[in-house]
Structure formats: structure tokens, C-alpha cells
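So for the sequence shown, this note's numbering puts the first residue at 2; every next one is plus one.
Below you'll find the structure, written out as C-alpha cells, and then a few comments.
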Amino acid sequence: MNSFRLITSASPWLILACLAAGALYAWLLYSKKAPWPKPINYALAALRFVVVSILSFLLMEPLVRYVSNTTVPPTIVFAIDNSQSMELFSDSVELRTVQERLQQVRERLEEQGYATAVQTLSQEQQVQSISEVRYGSETTNLSQMLQQVQDSYAEQNLAGVVLLSDGIVNQGMSPTYANYGFALYPVAVGDTVPKRDVVVTSLRYNKVNYSGNRFPLEVELQHEGFGGRTANVILQENGRTIASKKVLLRENQPIQQVPFQVLANGLGKRHYVVQVEPLQGEFTTLNNTKHAYIDVVKGKIKVLIAAAAPHPDIKAIRTAIESNENYETTLFIPSLNELQQQDYDVAVLHQLPGRMAGAEPALNLVRQKNLPALYILGPQSDLANFNRLNVGVNLRTTGQTDEVTAVPNSSFSNFQLPENATERLQEYPPARVPFGEISLAPNTEVVLYQQVGRVRTNKPLLAVQTSGDKRNAVLLASGTWQWRLQEAANHEQPQVYNQLITNMVQLLSAPRNKKRLNVYPVQTEYTSTDEIRFNAEAYNEALEPIYGQNITLTVTGEDEQARTFPFANGENQSGVNIGTLPGGRYTYSATASINGQRQKDEGEFIVEELQLEALNAVADHNLLYQLASNSSSRLYYPQEVQQLEQDILQAEHKNVIYSQEELSDVVDLKWLFFLLLGLVCIEWFVRKYNGSY
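Right, dumping it as C-alpha cells:
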């Protein structure tokens, strides 16, 4: 029931004064003799009385209080665990029967005044009837589903949730740890008796391995009822068996490890299949297979660290670089060792070119191989020779130095430092840099600025060339070993220092990207339940980004089946969503015509088959029992569905009335304005029509 009430900020007795004001105004205006008949005179006086009384009343700032009441019936949500395990390991006739019975319960509850709804694990699957539910979800996250129910029906008088499930959970936390604000009525299906089965439960391996190396791949087997039997574990690649092992399944050891040593051949994504040959009497062979996907890459990035003389910086920089296992360093100091001739990817030159002789072989190697390099300046640097290298930074100095601290450049986007980088950089002790005029080449960006005391300057402390044929970086300070030492003392781990150095080396060693069409998946690895999205970038001849290019993307799986997706690249990085794909290794190629020239890009990505639902064939009714106990309910079985209906009805869930109050100023009511305007117009028209004086 809705209610309406008028409220004033002044005493209600003043309403009489408003009426008196209206009456007085009407009497003064219409008490004299008028040229029109008396009935018209009385009508005009009444109009004037109403208008003046209302206007006087509005001066009291009246408010309208409107209360609307909504009656919400109790809601029962039928939450259906539509995972694959429900159909794989439950009796199909029993499962279909309990679905139909629950649908009948739902219809009878609606006849009794209840509101009902159906919820599944996947929000995308919208069903009108419980009988329509299909069991295709590749994962089971009951906690997430129940939380979605609680959030969606928070203000809809949620009386209870009927949960149809086998109790098997393979994603998210256990729902028994959550507190739900509704009664839970679990209906248990599935078989709790362990089956005779051999399961490949997991594979352990490094996802990135170096070409030509052997890497370990460890298979974890779990068995039930096959103690004393021998299982044959096969490792395959591209349908070809590359290794196999006979494993004795021990009676007292239900979980066993089977190790393989695999040679990483070639480069790129590799797909391996581990399979246990089926044993006679196995309940199911769906869980006998698992897939491994690895990325075979070139050997470690080789970094040359060269200096004219020993210095503490060298140890700090070398330790920071080697904190990343993908890098290996070689040290060259003329007085200590000879330069090793290797295929280096990047060089770190400490105070080179310098005033001391002996380091020329390192400088010659950098020039001959056109190696990207990080130049670190210091007191022994030969600045005149350094300026002649044209590495993006030019210095004119009088020989004096400044003590500065480091400030990150917020607009530098080639790599990101940790969120706490600014605070930690401020804790570093000041470093000495050459004082003078510093100029940057057009293709050079600042990574760190100099700060003198509390004054931030526009002078670079660390700068890098990020475009063009050259890629070099310059650090204008030596003695940065103190930075690493200070951060380790304050925070145990020198995270910011290590990441700054490794990110710089990674940026310098990255290959130049001169492609005019760059199409790439948002992730390099997906699961079979993920939607796969591609982004695209297009560039003109000056390598400036352009948009609206028509791109054709072709994705090909291991079955050689090609799928084509046309789309256009947008300024907001909008690409194309190609949906979900089954597990496997996929290659893709993209073509576009840019300024009349055909451009092409290609690559590969991985879709991992989850297979979680086939791992466990034993229902977990104990979890469902705990859920029922937590909400002061009980566990039901398919033959007890009628009892479930009776228990819900006997709970006598009540309707809930939600009230909503609104306050608004009467003066803001538009209809009142037009009413007063209409009354005034009528009065004016009648007076004019009858000869007003």
C-alpha cells in the first residue's frame, strides 16, 4: 500500500492565514460593482481566492512525502551444477528423472505464491526450465555460483537455494568455508563408491625451455584397485611416440611419479601428449590422457660486461642481471682476463670509452657487431670519445660533478617499474654525475631524471634510444652499487634495482620491430573455456600508427582446419574475439593491404585442454552434507524430492515488504505550475471577454 502526505516547515495553523489572505484579496478585487453578472463575479472571486491561497501556501515551503510499498514473495533458486562430471559419472536415467521432479517442485512452489529461478555454473547458459539444463561446463566452482545467487537476489527475499550437484569441486575455494544468508537444500547425485581407475592427475614441467637441452617432465599417476598391475605410460609428440615407461602400480602407494627426460627440438610451441594405456576393468579412460605445452626458445641472452678496471658497480650489475635465469654474463677487465669471442646479444660498458688503455677490444667488438650497449659514465670516462659515439646523449662539462637522486619519468612506457619504485629510489644515496649541459638525440627517451636536493630537474640520469637503427642506453652515474646495497638493507631484496637493470637489458636486446602489421593474441596461452581475442596494430611507411585497416586473420589448428576472421583495427585497440577453441597448438597468419602494399604477420598460441571434470569419478556427498548443516538444513537424495518440497512449504517463508520514501518540494511540481497558470489565464480571459475595467 502506498501513502501520500503533505509536510510544511511552518505551523499548520498558518494555512488558515493563507486562506484568509486569499479571501481578503478576492473580496478587495471583486466586492465592487462589476459589469458582468454576479455568478461570473463569484466564479472569478473563487479563482482569485484559490490562486492567492496556493501561492501563499507555497511560501511555507511545503514538502510531499511519498511512501511506496512493494511486496516481494519468497524466492527459491534452483542452482544446477551443470558440469561434465554430473553426466559422466552419474546414472543418466536417475539424473534426468531428478531434473524433471525438481521442475515439478518448482511449478508447484509457484502455485503456492513463491518466485523461482534457475542458476547454472555458467551465466551465459540461460534456461527457462530445469529439464533443459545441459551438462557441458569444463570446471566446477560451486562457491562462485552460490555467491552469484546471493549477490543477484540480495534484495529479492531469497528464501532458499536448491542445489543439485555431485559435490565435486575443482575450481575456487570450497563452498563450506562461506556463510550464506539463505537456507541451502542440497540434492545429491553421483556415486560415492571408489571405482577401479588409473588417472593422470598432473604433469610438472617448465613451460619455457632452451633449444637443444633436455628438460624434465614428471607424470603423476593415481590408481585405485590396480595394485600389483603394470601400466604403460606413453609420451607422444605429433602422434609419434618418443618415449614410454612400464610402471608397477604398488598396492600401498596410490600416487606415483613417472619421470621423463625430453629433448627440446626446434623453436616455438611444442605439444606433448602423456597417455596411460587402458587397463582391463578400468571404469573410464577419459582421465588417462594429459597434454603438455612448452615454448622452446633460443639459448640464454648473453651479456658482455666490460670495464677498464675493477669497480663495485660491476658486481652489483652482474648480480642484478643474473637474477633473471634467462641471462648469462661474461666479464672482461683487461688487467684480469681476456675478451672471450662469443655471440653476445648486448653489452654493458662501465666507464668506457675511458682514459685508461686496454679496453679497446670490447669497444671494437661493440662497433663491429653493432651490439646494443648500456654505457655507464664515471670519473674515468673519456667524455670526448663518448660524445663521438652518437649513442643518444651528448655532454658538455667543465669537469665538475653534482650529487643527485633518481626520479622515474612517468611518461616512459617501454617497461614498467614496480609500484613502490618512486619511494625506494628516493631512499637511494645520492650519486655523482657530470655537471654541465646535456642534450638528447630526437630518438632518445628519459627513463630517470636527476633530482638535486628537493628540486627535480629536466636533466636525464638514465636515457635510452628506443627507435631507429641503433638501440643504446646511457647511465650518467657510477657508484650505483650503493643503491643496491641500500635497498637490500632496507627491504631485504633489491627488487627495484634488479628490475631496473634487467628491464634495461631486455629492452636493449629485444629485436627491432619494423613490421607495418602487428597482429597478436592478447595472451600466449589460453584454456579451452577462455574466449580468445586478437589485437592489431598497423603502421604507415614512417612507422606511425594508422587505423581502420581491413585485416584478414586465419587461425589453423593441429587438425589443419583453417578458420578465417575479417576485422578492422581501431584506435582503442579493439580487435576481434574468435570465441573458444579446443585444446591444442594453433598457428595464425594475418594479412592487410596498407597503402596498396600487402603486409603479413604470423605467430602461434596455445589452448590448453583442462580435462578437470574427468579426473574425479567419485561424488563428494560429504561436502553437500556440510553445506546443508551450515544452513540448518539437511541433505536430500533423488528419491526424497517430495520431502524437499514439503520442508520448503513447512518453513512458511513470508512475503517481505520493501518501503521507499521520497521527499520533494511542492514548488517543484510542474503540474502545479501549469494549474496556477491555467487558472490565471481563465480569469484574465473571462474578465476581458466580459468587459474588464
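Note that beta-carbon positions come from the ideal geometry of N, C-alpha and C, so glycine has one too.
Since we're looking at a predicted model, the values are computed, not measured.
DSSP-derived helix/strand/coil call for residue i
| i | result |
| --- | --- |
| residue 593 | strand |
| residue 281 | coil |
| residue 204 | strand |
| residue 245 | strand |
| residue 530 | coil |
| residue 157 | coil |
| residue 212 | coil |
| residue 427 | helix |
| residue 228 | coil |
| residue 373 | coil |
| residue 218 | strand |
| residue 272 | strand |
| residue 194 | coil |
| residue 165 | strand |
| residue 653 | coil |
| residue 686 | helix |
| residue 697 | Nothing about residue 697 can be reported from this structure: the residues present for the chain run from 2 to 694 only. |
| residue 488 | helix |
| residue 581 | coil |
| residue 557 | strand |
| residue 636 | coil |
| residue 646 | helix |
| residue 152 | helix |
| residue 506 | helix |
| residue 179 | coil |
| residue 604 | strand |
Among the options, the one whose alpha carbon lies nearest that of residue i
| i | options | result |
| --- | --- | --- |
| residue 464 | 473, 458, 141 | 473 |
| residue 232 | 240, 241, 245, 238 | 245 |
| residue 89 | 296, 615, 28 | 615 |
| residue 240 | 255, 275, 44 | 275 |
| residue 576 | 560, 588, 602, 533 | 533 |
| residue 565 | 571, 557, 211 | 557 |
| residue 277 | 230, 296, 541 | 230 |
| residue 550 | 517, 526, 528 | 517 |
| residue 132 | 139, 165, 223 | 165 |
| residue 388 | 361, 408, 439, 360 | 439 |
| residue 271 | 650, 560, 607 | 607 |
| residue 597 | 542, 611, 651 | 542 |
| residue 179 | 629, 163, 530 | 629 |
| residue 540 | 554, 207, 571 | 571 |
| residue 759 | 585, 546, 580, 581 | This structure does not reach residue 759, given that the chain is present from 2 up to 694, and the question cannot be answered. |
| residue 548 | 595, 632, 631, 524 | 595 |
| residue 683 | 6, 51, 457 | 51 |
Buried or exposed (CB count within 10 angstroms, at least 16 for buried), residue i
| i | result |
| --- | --- |
| residue 484 | buried |
| residue 311 | exposed |
| residue 249 | exposed |
| residue 121 | buried |
| residue 681 | exposed |
| residue 94 | exposed |
| residue 505 | buried |
| residue 481 | buried |
| residue 29 | exposed |
| residue 346 | buried |
| residue 399 | exposed |
| residue 460 | buried |
| residue 21 | exposed |
| residue 87 | buried |
| residue 254 | exposed |
Taking only runs of the beta strand (DSSP E) that begin and end inside the stretch 38 to 96, which ones reach a length of at least 3 residues, in chain order? 64 to 73, 76 to 81
Which complete beta strand (DSSP E) runs does the stretch 101 to 131 hold, if anything under 3 residues is left out? 116 to 121
For the stretch 199 to 211 against the stretch 287 to 300, do three or more pairs of beta-carbon atoms, one drawn from each stretch, fall closer than 8 Å, so that the two count as touching? yes
Which ranges does the beta strand (DSSP E) cover as unbroken runs of at least 3 residues, wholly within the stretch 287 to 371, from first to last along the chain? 290 to 298, 302 to 308, 328 to 333, 347 to 351
Contact between the stretch 78 to 94 and the stretch 42 to 49 (3+ Cβ pairs under 8 Å): no
Pair every Cβ in the stretch 601 to 610 with every Cβ in the stretch 148 to 164, then say whether three or more of these pairs are closer than 8 Å. no
Could you tell me which whole beta strand (DSSP E) segments of length 3 or greater appear in the stretch 387 to 463? 394 to 409, 432 to 441, 445 to 453
So within the stretch 657 to 681, which uninterrupted beta strand (DSSP E) runs reach at least 3 residues, ignoring any that extend past its ends? 657 to 666
Does the stretch 164 to 177 come within contact of the stretch 617 to 635, defined as at least 3 CB pairs closer than 8 Å? yes
Across the stretch 490 to 503 and the stretch 401 to 421, are there enough close Cβ pairs to call them in contact, namely three or more that are closer than 8 Å? yes
Meets three-Cβ-pair contact criterion under 8 Å: the stretch 206 to 224 and the stretch 252 to 271: yes
If contact is defined by three or more beta carbon pairs under 8 Å, each pair taking one atom from either stretch, is the stretch 443 to 453 in contact with the stretch 337 to 356? no
Are the stretch 367 to 375 and the stretch 320 to 331 touching, with three or more C-beta to C-beta distances below 8 Å? no
Is there contact between the stretch 141 to 150 and the stretch 100 to 115, where contact requires at least three CB pairs shorter than 8 Å? no
Tell me whether the stretch 312 to 327 and the stretch 636 to 655 touch, counting them as touching only if at least three CB pairs, one residue from each stretch, are closer than 8 Å. no
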